[in-house]
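Protein chains: 2
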Amino acid sequence: MTVLDQLIRSLSRFPGVGKKSATRMAYFLLQSDDEYLRALSEQIGTLKARIRHCSVCGIYTEADPCDYCSDTRRDSRILCVVEQSQDVGIIESTGEYEGRYHILGGALSPIDGIGPAELNIDSLLRRLKAGGINEVIIATNPSVEGDTTALYLVSLVKDMGLTVSRLASGLPVGGDLEYADRLTLARSLKGRTKM
Amino acid sequence: MTVLDQLIRSLSRFPGVGKKSATRMAYFLLQSDDEYLRALSEQIGTLKARIRHCSVCGIYTEADPCDYCSDTRRDSRILCVVEQSQDVGIIESTGEYEGRYHILGGALSPIDGIGPAELNIDSLLRRLKAGGINEVIIATNPSVEGDTTALYLVSLVKDMGLTVSRLASGLPVGGDLEYADRLTLARSLKGRTKM
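From first to last, the protein sequence lines stand for chains P and G. Just so we're aligned, residue 1 is where the first sequence starts under the UniProt record's numbering, counting upward by one. Just so we're aligned, residue 1 is where the second sequence starts under the UniProt record's numbering, counting upward by one.
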């Protein structure tokens with residue numbers, strides 16, 4: 001196998017990238033300047049040595065504790081629980097949340113062998129038991145796994161005297177009733193808000 | 001800028017990859033095994049040192065001359081002229097061609113500052129003048145630039161006593177007249193074949 005074929009094979013392991021896109025990427029790299037290739041190669045090669053999980057919330061970070069955990073301006077009484085590190089960036093982009101985060105590292109999925117022990121649930125309970133937090137927002141995905149995880153977390157924390165909520169599920173803003181799927185529409189009916 | 005942001009910025013320079021896909025790719029890399037990251041990093045970092053242009057046909061290759069130019073089973077009397085290295089793989093995949101190749105390195109495009117001097121045309125003429133080739137297939141893209149380049153090449157080689165042809169342009173196989181664009185349909189009419 002040639003060097004180029006090896007590179008194409010590596011690139012085609014990227015999510016959403018097939019052999020055709022990987023080939024385009026490989027030729028793009030061949031035509032790129034040396035400086036860019038050197039930087040990209042180093043960024044990939046040193047990635048795992050430079051990024052770890054925050055010992056408090058579990059997010060991918062260079063500094064431990066991470067920027068979110070060490071930022072004293074954030075409200076440490078509210079905790080938003082998400083499945084993955086990348087979900088934090090999406091919530092931050094709304095500009096509507098100024099509390100802390102906790103990253104589960106996935107969602108419960110017995111079929112994939114992911115039980116409570118595989119998620120950062122122990123560290124979540126430790127944080128809640130340490131006190132100071134009075135509200136928990138469960139922001140797992142609106143999927144079967146995310147819903148299961150949310151229900152499981154509620155069962156664990158229900159006696160702790162916390163306000164526990166879950167992100168609203170319903171029609172996307174700018175969407176169209178005509179194109180909404182049945183399940184989403186059912187949820188948005190069930191969760192209808194007074195006006 | 002964090003290491004992760006730098007990586008996302010580098011990945012979003014890939015063709016067809018926006019910030020969202022680059023972010024997905026970066027998190028995919030974070031979750032990949034060390035062996036894969038080490039291999040990918042090295043493949044990218046050593047790419048340009050290991051791959052050069054074939055001194056005969058101009059294709060990207062590790063060995064010089066390339067496999068196509070050094071394969072004695074290929075018919076050296078026919079030469080297929082393409083714009084880019086990656087076009088060779090696509091023509092090879094048809095299994096219909098067993099001659100040699102010549103890679104122009106692009107197509108004429110005055111607006112982008114690409115004139116005859118920027119393409120591997122001198123080396124093409126040297127190969128044709130050296131003798132032994134009696135047929136030239138011009139396989140530039142069916143675009144304004146590809147057509148211009150084809151016409152220009154024909155004007156250069158018309159007195160050399162060669163059979164010169166161009167890939168047929170027309171309706172894609174499995175396509176539908178209803179969805180064909182006007183220009184493609186016009187070409188397929190003009191180039192209609194007897195049956």
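No residue lacks a Cβ here, since even glycine has one placed at the ideal position from N, Cα and C.
Next item on the list: List the residues of chain P whose Cβ lies closer than 9 Å to the Cβ of Tyr60 (chain G), in chain order.
Entry: For a Cβ distance threshold of 9 Å, residue set Leu4, Tyr27 and Leu30 of chain P lies close to Tyr60 (chain G), ordered along the chain.
Checklist line | Own chain, CB closer than 7 Å to Ala139 (chain G), minus 5 neighbours either side, in chain order | finding: So the list reads Cys80, Val81, Val82, Asp87, Ile91 and Leu167, once near-sequence residues are dropped.
Notebook entry, point to check: Of all the options P:Gly113, P:Thr163 and P:Gly105, which has the alpha carbon lying nearest to the alpha carbon of Cys54 (chain P)?
Noted result: Ranking the options by Cα distance to Cys54 (chain P), first place goes to P:Gly105.
Check: For Arg100 (chain P), does the count of other Cβ atoms within 10 angstroms reach 16, so buried, or fall short, so exposed?
Finding: Taking a 10 Å sphere around the C-beta of Arg100 (chain P), we find 16 or more other C-beta atoms and assign the residue as buried.
Notebook entry, point to check: What is the rounded straight-line gap between the Cα of Thr61 (chain P) and the Cα of Pro65 (chain G)?
Noted result: Each residue's alpha carbon lies about 48 Å from the other.
Notebook entry, point to check: So what does Val82 (chain G) bridge to, in DSSP terms?
Noted result: DSSP links Val82 (chain G) through a beta bridge to G:Ile103.
Notebook entry, point to check: Is there a Cβ from chain G that is less than 8 Å from the Cβ of Pro65 (chain P)?
Noted result: Chain G, which has no Cβ nearer than 8 Å to the Cβ of Pro65 (chain P), makes this no.
Note to self: Extract the residue ranges of the alpha helix (DSSP H) inside the segment 154 to 194 of chain G, only unbroken runs of 4 or more that lie entirely within it.
What the structure shows: Listed in chain order, the alpha helix (DSSP H) elements of length 4 or more contained wholly in the segment 154 to 194 of chain G are 182 to 190.
Note to self: Give me, in chain order, the residues of the same chain whose beta-carbon lies closer than 7 Å to that of Ala26 (chain P); leave out the 5 immediate sequence neighbours on both sides.
What the structure shows: In its chain, beyond the 5 residues on either side, Leu4, Leu7, Ile8 and Leu11 have a beta carbon closer than 7 Å to the beta carbon of Ala26 (chain P).
Next item on the list: Under 8 Å by Cβ, that's how I've got Ile44 (chain P) and Ile44 (chain G) pegged, so tell me the actual separation to the nearest angstrom.
Entry: 7 Å between Cβ atoms; contact.
Note to self: Considering only DSSP beta bridges, list what Ser109 (chain P) is partnered with.
What the structure shows: In the DSSP assignment, Ser109 (chain P) forms a beta bridge with P:Ile114.
Check: Got a sec? Which residues, its chain only, sit under 8 Å from Leu185 (chain G) by beta carbon, not counting five neighbours each side?
Finding: Only residues of its own chain outside the window of five on either side were considered, and among them Leu171 and Leu177 have a CB closer than 8 Å to the CB of Leu185 (chain G), listed in chain order.
Notebook entry, point to check: Hey, does Ser39 (chain P) have any beta-carbon neighbour from chain G nearer than 8 Å?
Noted result: Note on identity: in this sequence residue 39 (chain P) is Ala, with Ser being the wrong assignment. At least one chain G Cβ lies under 8 Å of Ala39 (chain P).
Item checked: Beta carbon of Arg24 (chain G) nearer than 8 Å to that of Gly89 (chain P) -> Contact flag unset, no.
Check: From what residue to what residue does the alpha helix (DSSP H) around Val3 (chain P) run?
Finding: Start and end: Val3 to Leu11.
Note to self: So the candidates are P:Ser109, P:Ile121, P:Arg77 and P:Leu156; which of them puts its Cα closest to the Cα of Tyr97 (chain P)?
What the structure shows: Among P:Ser109, P:Ile121, P:Arg77 and P:Leu156, the Cα nearest to that of Tyr97 (chain P) belongs to P:Arg77.
Next item on the list: State the beta-bridge partners of Asp75 (chain G) as determined by DSSP.
Entry: Answer by DSSP bridge pairing, in chain order: G:Gly99.
Next item on the list: Check the C-beta distance from Ala117 (chain G) over to Glu145 (chain G) and give it rounded, since I have them as a contact under 8 Å.
Entry: Not confirmed; about 16 Å, so no contact.
Check: Are Ile133 (chain P) and Ser165 (chain P) closer than 8 Å when you measure CB to CB?
Finding: No, these two residues do not count as a Cβ contact at 8 Å.
Notebook entry, point to check: Along chain P, in chain order, which residues have C-beta atoms closer than 8 Å to that of Lys48 (chain G)?
Noted result: Near Lys48 (chain G) (Cβ distances below 8 Å), the residues of chain P are Leu30, Asp34 and Leu37.
Check: Would you say Pro172 (chain G) faces chain P, with C-beta separation under 8 Å as the test?
Finding: The Cβ of Pro172 (chain G) sits no closer than 8 Å to any Cβ of chain P.
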